[in-house]
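*Asks:* Residue numbers (my numbering), protein chains in the order written: chain A, 766 to 1131; chain B, 288 to 674.
Sharing a structure with you now.
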Amino acid sequence: MSEDETMLQDAARGFLDGAAPVSHFRGLRDAGATHDAALWAEMAAMGWTGVLVPEDAGGSDMGHAAAGVLAQEMGKTLVTSPFLSTAVMAATALRQIANDRTKEALGNIANGSVIYALAVDETHKHDPDGTTLQAVADGNGFRLTGTKGFVVDGANADRLLVLARAEAGLTLFDIPADRTGITRAANAMIDARDAATVTFSDVQATGDDVLGHVGDAMTVLQPALNAGQAALAAEMAGLATGAFGMTIGYLKERKQFGVEIGRFQALQHRAAHLWCESEVTASAVRNAGRMLDQDMANATLAVSLAKARATATAKLAVIEGVQMHGGIGMTDAFDMGFYMKRARVVAEWLGDYGYHAERVAAARGF
Amino acid sequence: MTDIELGAFRAETRAWLEANCPAEMRDGIRDEETICWGGRNWQFTSAAQKTWLEVMAAKGWTVPTWPVEYGGAGMDRAHDKILQEELDAIGARWPLQSFGIWMLGPALLAFGTHQQKLQYLPPIARGEVRWCQGYSEPGAGSDLASVQTKAVSDGDYYVVNGQKVWTSYADRADCIFALVRTDPDAKKHLGISFLLIDMDSAGVSTKPIRLISGSSPFCETFFDDVRVPKSNVVGTEHRGWDVAKHLLTHEREMISGGGAGLLGTRALGAVLAEHEGGMDAVTRAEALTCEIDSLAIGLTLERYKDQAESGGGVGDASAMLKYEGTELNKRRHELLMSAGGADALQWEGTHAGLAADWLRTKANSIEGGTSEVMLSIISRRILGLPG
């Protein structure tokens, strides 16, 4: 990592260890809450929400590698915030279009006054190209009808980026989440985070609500999805590191048969294998952030490589985490289960292993 | 170092290679037949091979990162990377490879006296002396520090007796760097010395080993009252284990490159897609996972090279690179064999060499420290688990 990245990482860790350790997440879960406005405000004050917002719009514009560093640190302690939806994906989408409206929207992201959610998925798998939500022409505007599922941060969101199918093709709308005709239902998610089912029935949208051009959603959305996938891979790498840290600690202190269980070679080799896999994944995650900063148009392979690897490694880390902890790992009073449930959710979000493997396949001649 | 300076270096390098790399040396082939190992008895396979070695050695580019006074070009990682990229760009063969470059050189640079460096390094850089490695013994495999080959003091000399095994190219090498026991009474790690022995010495003999993959460069090497000057000890007497460990780190990095070294050249998917009828779904899925892991491991090698260059070193993490790289190479060859089907089962024919390569990769996770030893190193030294 660069010196700047290391400093950012140290600062982030210092802040999060105080403000948002895993016990903070447990508190939210127990209270049935999926958002901590005070925490979000502090992230804004530190420039995190503006990590991808241009400086002239009020952001810190630190770039995708830096966003990955922040996401990774959040992943380590299961920090709950709309960072990816808003600060990474919505910001990346909005900055693809330069006008006064997007500048104002980006400024609101940077100052922490707005939460965005991406309403893209419709079925049980991520498939933007398969979007069926209709945008029917109506006078100078459109009427949106259909249902979006797995809208992460959808219940807490102030605004939605909605992917819809118009006659001219896929079109992206930027609209208030409480517009007439929108119904939002928070889902009871296994990871206790915010994901909603959002129904659109004859929701009116004007031409001004279109982000970018009608029929050309992907010019705006693709960079945003790539950025989100890379940051999510970083969060997952952090999640794996957090779970692994707990597991290694347990191997050193838990005694059975009169000795620390970390003395048993059967466990040592599995722990060492997991560490190796984490190191390899860390390389792919870092590379994705760098590629997005250097050459966003050609970063798809790097991004999918990172998301695929991070998915596999996080899965291994939580499976081994529960198994090596034994019975206590299965209890709700212990934190390892949180890691396992979060790993399963983010494995699916923005494309699962198979989705990203196919993008690697396309880039590598399969 | 500015981008402008590096850009200028790239342009100069490209022009020089264009002018000096013989056309016959640009076929991109780097298999056993085309390797130049050098040495006292080396027979060049062509005049071009000889010229290529000489012009590159004169620039110090057979060992670009070694200091100039020891035969190198004193390059940093950024320049070395550019040189390698430009060599790759024209499909240039390596002018020279050897265990002297990969293993003994780095150990001498770290532990040798100035006199030893002046004596041994330039001939390695010029391809004049070929070295082999004498580490393992029949009774000392994973437990390498239990070597029993004895070196008994006799005035200014040692008298060496014992047997080494898995000494690659011992039958063609000019010299051997060997681990020998100089203090039989000390604890096993503390009685070993790192000794340089001329293979022409009286009492040295070798015998090739045949593997499951066919004939191999491996030999057994026997020492029968071999007299070696004490000045040939590298590092401190009885403390050769420190040198050996340092050198094993380099060996691990070298072997780990085996799997990822193929990455820059051709995607596994493209190779497999050439087979008639394509791949079944199961094989394709396995190949895709292998491809993903290959790319990520390649990035990891790059990351650690950068870290080493910036002074951070690789250290015990070389065990991770070795473990990941070799296990990957085995997976990759299983897939290549599977894609070849019955055609890949013959020693000769359209897939000649593939079966032998596949069998040979099985040794990757054994040689230079087994995968299990790597995991134990990581467990103790990196994760700090008890044991």
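By construction, the Cβ of each residue, glycine as well, lies at the ideal position given by its N, Cα and C atoms.
Just so you know, these numbers come straight off a predicted model, no measurement behind them.
(1) Taking 9 angstroms as the CB-CB limit, is R618(B) close to chain A?
(2) Contact defined as beta carbons within less than 8 angstroms: I believe Y422(B) pairs with L466(B). What is the distance between those atoms, to the nearest angstrom?
(3) For the segment 619-655 of chain B, list the alpha helix (DSSP H) runs that are entirely contained and at least 4 residues long, ordered along the chain.
(4) Are the segment 1080-1091 of chain A and the segment 1010-1028 of chain A touching by the rule of at least three beta carbon pairs closer than 8 angstroms?
(5) For M808(A), collect the residues of the same chain with a Cβ closer than 6 angstroms to its Cβ; drop the 5 residues on either side in sequence, then sort them by chain order.
(6) Which residues bound the alpha helix (DSSP H) around L1070(A)?
(7) Sorted by chain position, which residues of the same chain lie with C-beta nearer than 6 angstroms to V916(A)'s C-beta, five sequence neighbours on each side aside?
(8) Is the Cβ-Cβ distance between V927(A) and T945(A) less than 9 angstroms?
(9) Going by DSSP in three states, S878(A) sits in which element: helix, strand or coil?
(10) Is C506(B) helix, strand or coil when you go by DSSP?
(11) CA-CA distance, A606(B) and E659(B)?
(12) By the 10 Å Cβ neighbour count, where 16 or more other Cβ atoms means buried, how is N651(B) classified, buried or exposed?
(13) Taking the runs of the beta strand (DSSP E) that are 3 residues or longer, which of them lie wholly in the segment 943-973 of chain A?
(14) Output the boundary residues of the beta strand (DSSP E) element that contains A1062(A).
(15) Out of F1099(A), M1101(A), K1106(A) and V1024(A), point me to the one whose CA is closest to T1076(A)'s CA.
(16) Less than 6 angstroms between C-beta atoms, sequence neighbours within five positions excluded: which residues of the same chain meet that for L383(B)?
(17) Going by DSSP, which residues form a beta bridge with I369(B)?
(18) Relative to the C-alpha of R930(A), which candidate in T842(A), M839(A), A992(A) and T897(A) has its C-alpha closest?
(19) Determine the chain A residues that contact A583(B) at a beta-carbon separation under 7 angstroms, and present them in chain order.
(20) Buried or exposed: which applies to R380(B), given that a residue is buried once 16 or more other Cβ atoms fall within 10 Å of its Cβ?
(21) Compare the C-alpha of E292(B) against each of I665(B), G361(B) and A365(B) and name the closest.
(22) If you draw a straight line from the alpha carbon of L781(A) to that of H1034(A), how long is it in whole angstroms?
(23) Which residues, in order along the segment 584-616 of chain B, keep a beta-carbon less than 8 angstroms from a beta-carbon of chain A?
(24) Is there a Cβ of chain B sitting closer than 9 angstroms to that of E838(A), yes or no?
(25) Taking only beta carbons into account, state which residues of the segment 1010-1040 of chain A come closer than 9 angstroms to chain B, listed in chain order.
(26) Report the three-state DSSP secondary structure of G1119(A) (helix, strand or coil).
(27) Starting from F907(A), trace the beta strand (DSSP E) both ways and give me its first and last residue.
(28) Using a Cβ cut-off of 8 angstroms, pull out every chain B residue sitting near R1124(A), in sequence order please.
(29) Which residues mark the beginning and the end of the alpha helix (DSSP H) in which D939(A) is found?
(30) Along chain B, in chain order, which residues have C-beta atoms closer than 7 angstroms to that of N1063(A)?
(31) Which two residues bound the contiguous alpha helix (DSSP H) that contains L859(A)?
(32) Considering Cα atoms alone, identify which of P786(A), A996(A), L849(A) and D821(A) is closest to D865(A).
(33) Pick helix, strand or coil for L549(B), following the three-state DSSP scheme.
(34) With DSSP as the reference, label F331(B) as helix, strand or coil.
(35) Within 10 Å of its beta-carbon, does L843(A) have 16 or more other beta-carbons around it, so buried, or fewer, so exposed?
(36) Tell me which residue opens and which closes the alpha helix (DSSP H) that W805(A) is part of.
*Replies:* Reading off the structure:
(1) For R618(B), the closest Cβ of chain A is not nearer than 9 angstroms.
(2) About 6 angstroms; that satisfies the 8 angstroms criterion.
(3) Whole alpha helix (DSSP H) segments, 4+ residues: 641-648.
(4) Three or more beta-carbon pairs drawn from the segment 1080-1091 of chain A and the segment 1010-1028 of chain A are found closer than 8 angstroms, and the two stretches are therefore classed as touching.
(5) Within the same chain, M808(A) has close Cβ partners T814.
(6) Membership of L1070(A) in the alpha helix (DSSP H) is indicated by the continuous run T1065 to H1090.
(7) The residues are A882, A884, A961 and V963.
(8) No. Outside cutoff.
(9) S878(A): coil per DSSP, three-state reduction.
(10) Strand, per DSSP.
(11) The alpha-carbon of A606(B) is positioned some 10 angstroms away from that of E659(B).
(12) Buried, by the Cβ-count rule.
(13) Whole beta strand (DSSP E) segments, 3+ residues: 947-951 and 960-970.
(14) No beta strand (DSSP E) contains A1062(A), which DSSP labels as neither H nor E.
(15) Nearest to T1076(A) by C-alpha distance, out of F1099(A), M1101(A), K1106(A) and V1024(A), is K1106(A).
(16) Exclusion of the five residues before and after L383(B) leaves C323, G325, L340, T349 and G414 as the residues of its chain whose Cβ lies within less than 6 angstroms of its Cβ.
(17) Under DSSP, I369(B) shares a beta bridge with no residue.
(18) Taking each of T842(A), M839(A), A992(A) and T897(A) in turn and checking the Cα distance to R930(A), the smallest one comes out for T897(A).
(19) Under the 7 angstroms cutoff, chain A gives V1045, T1046, S1048, A1049, L1070 and R1074.
(20) Classification for R380(B): buried.
(21) For E292(B), the closest of I665(B), G361(B) and A365(B) by C-alpha to C-alpha distance is A365(B).
(22) One C-alpha to the other measures close to 31 angstroms.
(23) Result list: I584, L586, T587, E589, R590, A604, M607, Y610 and E611.
(24) False, the Cβ-Cβ gap to chain B never drops below 9 angstroms.
(25) Residues of the segment 1010-1040 of chain A with a C-beta less than 9 angstroms from any C-beta of chain B: I1013, L1016, K1017, V1024, E1025, G1027, R1028, F1029, Q1030, L1032, Q1033, H1034, R1035, A1036, A1037, H1038 and W1040, listed in chain order.
(26) Note: G1119(A) maps to helix in three-state DSSP.
(27) According to the DSSP assignment, F907(A) belongs to the beta strand (DSSP E) that extends over G906 to V917.
(28) Correct list: empty, because the minimum Cβ distance to chain B is about 10 angstroms.
(29) Note, D939(A): premise wrong, no alpha helix (DSSP H); beta strand (DSSP E) at G934 to P941.
(30) Residues of chain B passing the Cβ test: none, with the nearest at roughly 15 angstroms.
(31) Looking at the DSSP string, the run of the alpha helix (DSSP H) that includes L859(A) is A856 to L859.
(32) In this structure, D821(A) is the residue among P786(A), A996(A), L849(A) and D821(A) with its C-alpha nearest to the C-alpha of D865(A).
(33) Low confidence applies to L549(B): its pLDDT is 38, below 50, so where it sits in the model is not reliable enough to give any reading.
(34) F331(B): coil per DSSP, three-state reduction.
(35) With at least 16 other beta carbons inside 10 angstroms of its own, L843(A) counts as buried.
(36) Taken as a continuous stretch (DSSP letters only), the alpha helix (DSSP H) holding W805(A) covers A802 to A810.
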